[in-house]
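Asker: Protein chains in written order, with my numbering: chain A, 25 to 278; chain B, 25 to 278. Cβ atoms here follow ideal geometry from the backbone N, Cα and C, with glycine treated the same way.
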């Protein structure tokens, strides 16, 4: 097995950039994941892992299929370079950002559109929830946190490897779902009906929006229906990831 | 207006402890909130604010009713002592932890019971969601994060001042709701029905549990019904705050 001992090694520098810089993740179309659960999910996702990185004192589970993977052992000092927090399980995967194929989009019937949600933890939780609810694809519009931010990846608990996550132009995607006669559901407060009055639905695209300003007026004006979750108590609003969970499970019921 | 300039002032030291130490919050039954929104909610909650703390360069909104409050101006150096992060709006409220009255519990019909949820952000989001969903009281059992942790208070966005948050013994509360004939709904994977098959309900107590291990077997055995949220995709589970939101809005529908 290859071994890297220097924190100055070019690969180590690259991995560190993947952990800390959106620009470098965008340019390389790669990202870094940490911890046994996430690395295991990455390994199961064929063609995703470029390098499996293992700290010298760490033993891998015997049931991991690592035969076809390029495995690299690193020193504790190198492993420490790759994490922001002190706690680390000492196992990493250097991954390709999954690429969806245009050919597959025809089969997508349930979408989550995210408009300018800025908190990486919210984005990650929404990806995880969309996965659980059986959504076919998550489309991230302009102004969203990077889905490959380490915080987002951690919050999503491996769902990055389970469903397509597309960075796109929501305006274009609205055209796509409209031409496929898929119901477009905006979320907002004005001209909105209680969310309970819609669905369940076999096909839908839900648009959720920015933590402060909500969904852009332009997208709402194109929606077939605008829904709001009723507030029965004194809270001003719901967290956007919570609202997304409520809606996906209200409309995605099978 | 009183003014404090020294970071060594005894009150400043007390406030700092409230921001950083659970032990000190428990002993004093007080806590500290920061930022315009939270402080405004605290002020609206009668009898809650002990001191309104304002950094020397901050102007309070003119519509705040501060006549009956003890207001203290502090220097930038003092204000900096009270926050963990660099970003601060420079306005704080030193608050009493709200105390529910035994007399009011008879009117409670909708409960959220939380069993050993450890993440402060999850607890805060769950309190906010319970408030939105019109829940009458949130009961935090053993092993839960402190609801007065600054992270929890921030995530709850002021809901601490809207509904009773009780640190209690879940076993005792289970007896209370059972003797009131309120349906007790556990969440778990074994012997569980899809959550869609239950509710909406006028009266219920939902128990949600620890991020890793779920709800204690003892509490599940006492539940009238155990429900699970179906996983349609490949995610292993839902975040506990998301699951709570889905259930509260499924059963709390009016």
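Between which two residues does the beta strand (DSSP E) holding residue 83 of chain A run?
Answerer: Note, residue 83 of chain A: premise wrong, no beta strand (DSSP E); not H, not E.
Asker: Can you tell which of B:261, B:103, B:39 has its C-alpha closest to the C-alpha of residue 29 of chain B?
Answerer: B:103
Asker: Give every residue of the same chain whose Cβ lies closer than 6 Å to the Cβ of residue 152 of chain A, excluding the five residues on either side of it in the sequence, and list them in chain order.
Answerer: 180, 181, 183
Asker: Taking any Cβ of chain B, which residues in the region 248-278 of chain A have a Cβ under 9 Å from it, in chain order?
Answerer: 253, 254, 255, 256, 257, 258, 259, 260, 261, 262, 263, 265, 266, 267, 268, 269, 270, 272, 273, 274, 276, 277, 278
Asker: Taking residue 140 of chain B and residue 233 of chain B to be in contact with their CB atoms under 8 Å, please state how far apart those CB atoms are, rounded to whole angstroms.
Answerer: 6 Å
Asker: Identify the continuous beta strand (DSSP E) that holds residue 136 of chain B and give its terminal residues.
Answerer: 134-139
Asker: Closest by CA to residue 137 of chain A, which one among A:162, A:119, A:121?
Answerer: A:162
Asker: Report all residues from its chain with a CB closer than 8 Å to the CB of residue 217 of chain A; omit the five preceding and five following residues, and keep chain order.
Answerer: 249, 250, 251, 252
Asker: Considering only their Cβ atoms, is the gap separating residue 230 of chain B from residue 273 of chain B smaller than 9 Å?
Answerer: No. Outside cutoff.
Asker: Using a C-beta cutoff of 9 Å, does residue 214 of chain A count as contacting chain B?
Answerer: No, because no Cβ of chain B sits closer than 9 Å to the Cβ of residue 214 of chain A.
Asker: Please list, in chain order, the chain B residues whose beta carbon lies closer than 8 Å to that of residue 186 of chain A.
Answerer: 257, 258, 259
Asker: At a CB-CB cut-off below 8 Å, which residues of chain B make contact with residue 156 of chain A?
Answerer: In chain order: 253, 255, 256, 257, 259, 261, 262.
Asker: Let me know the secondary structure DSSP gives residue 146 of chain A once reduced to three states.
Answerer: helix
Asker: So, are the CB atoms of residue 107 of chain B and residue 64 of chain B less than 9 Å apart?
Answerer: Result no, Cβ atoms of residue 107 of chain B and residue 64 of chain B do not sit closer than 9 Å.
Asker: Over what stretch of residues does the beta strand (DSSP E) that includes residue 207 of chain A continue unbroken?
Answerer: 207-211
Asker: What separation, rounded to the nearest whole angstrom, lies between the Cα atoms of residue 168 of chain A and residue 177 of chain A?
Answerer: Each residue's Cα considered, the two are about 14 Å apart.
Asker: Tell me, please, whether the CB atom of residue 153 of chain A is closer than 9 Å to any CB atom in chain B?
Answerer: At least one chain B Cβ lies under 9 Å of residue 153 of chain A.
Asker: Taking C-beta to C-beta, are residue 27 of chain B and residue 98 of chain B nearer than 9 Å?
Answerer: Cβ distance < 9 Å, so residue 27 of chain B and residue 98 of chain B count as in contact.
Asker: What are the boundary residues of the alpha helix (DSSP H) that includes residue 159 of chain A?
Answerer: Counting along the chain, residue 159 of chain A falls outside any alpha helix (DSSP H), and DSSP gives it neither H nor E.
Asker: I need the straight-line Cα distance from residue 42 of chain A to residue 35 of chain A, nearest angstrom please.
Answerer: 11 Å
Asker: If we cut at 9 Å on Cβ distances, does residue 220 of chain A have a partner in chain B?
Answerer: Yes, residue 220 of chain A counts as interfacial toward chain B.
Asker: For a test of the three-state rule: what should DSSP assign to residue 297 of chain B, helix, strand or coil?
Answerer: The structure shown has nothing for residue 297 of chain B, since chain B only spans 25 to 278.
Asker: Note down, in chain order, every chain A residue with its Cβ under 7 Å from the Cβ of residue 183 of chain B.
Answerer: 259
Asker: In the DSSP assignment, the alpha helix (DSSP H) including residue 117 of chain A goes from what residue to what residue?
Answerer: In the DSSP assignment, residue 117 of chain A falls outside any alpha helix (DSSP H) and within the unbroken beta strand (DSSP E) covering 115-120.
Asker: Measure the C-alpha to C-alpha separation of residue 243 of chain A and residue 191 of chain A and round it to an integer number of angstroms.
Answerer: 17 Å
Asker: Any idea if residue 173 of chain B is buried or exposed, counting beta-carbon neighbours within 10 angstroms, 16 or more meaning buried?
Answerer: buried
Asker: Under the three-state reduction of DSSP, which class applies to residue 91 of chain B: helix, strand or coil?
Answerer: coil
Asker: Measuring only between beta-carbons, confirm whether residue 149 of chain A sits less than 9 Å from chain B.
Answerer: At least one CB atom of chain B sits nearer than 9 Å to the CB of residue 149 of chain A.
Asker: Determine the closest residue to residue 133 of chain B out of B:158, B:257, B:118, with distance taken between C-alpha atoms.
Answerer: Checked all of B:158, B:257, B:118; the closest Cα to residue 133 of chain B is B:158.
Asker: Return the first residue and the last residue of the alpha helix (DSSP H) that residue 65 of chain B is part of.
Answerer: 60-68
Asker: Are any of the Cβ atoms in chain B nearer than 9 Å to that of residue 131 of chain A?
Answerer: no
Asker: Under the three-state reduction of DSSP, which class applies to residue 107 of chain A: helix, strand or coil?
Answerer: coil
Asker: Where do the ends of the beta strand (DSSP E) carrying residue 200 of chain A lie?
Answerer: Careful: residue 200 of chain A lies outside any beta strand (DSSP E), inside the alpha helix (DSSP H) at 194-203.
Asker: Among the candidates B:129, B:256, B:60, whose CA atom is the shortest distance from the CA of residue 200 of chain B?
Answerer: B:129
Asker: Is it the case that the CB of residue 264 of chain B approaches a heavy atom of the ligand ADP more closely than 8 Å?
Answerer: Among the components modelled here there is no ligand, and therefore nothing to report on the ligand ADP.
Asker: Using only the alpha-carbon positions, how far apart do residue 39 of chain A and residue 81 of chain A sit?
Answerer: 20 Å
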